[in-house]
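Below you'll find the structure, written out as structure tokens, and then a few comments.
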Amino acid sequence: MSSVLLESDLFMTRLTVQDRRRQKRIAIEILRQHHRWEMANPRPPEELPEWEAIGPFRKSKRHLIERTDD
1 MSSVLLESDL
11 FMTRLTVQDR
21 RRQKRIAIEI
31 LRQHHRWEMA
41 NPRPPEELPE
51 WEAIGPFRKS
61 KRHLIERTDD
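Take 1 as the starting number for the sequence shown in the UniProt record's numbering and just add one per residue.
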């Protein structure tokens, strides 16, 4: 049995529960590895999106985006 996650597997509707759990574990591990890589290799300030460089924001019903005072 191959441990490679194929794109076609993601769209199959008749996967067993075990296969779905295996694919979920693989996807979570990929996201964790990517996050660890991003933390170890931060982007230079010129590559950061403007909203990331400014700081934390929260959504508001009255204002599209509002700066938080953290």
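Backbone N, C-alpha and C define an ideal beta-carbon position, used for all residues, glycine too.
- When secondary structure is reduced to three states using DSSP, Leu15 falls in the coil class, being assigned neither helix nor strand.
- Distance from the CA atom of Gln33 to the CA atom of Arg20, rounded to whole angstroms, is 20 angstroms.
- Note on geometry: alpha-carbon atoms of Trp37 and Pro44 lie some 14 angstroms from one another.
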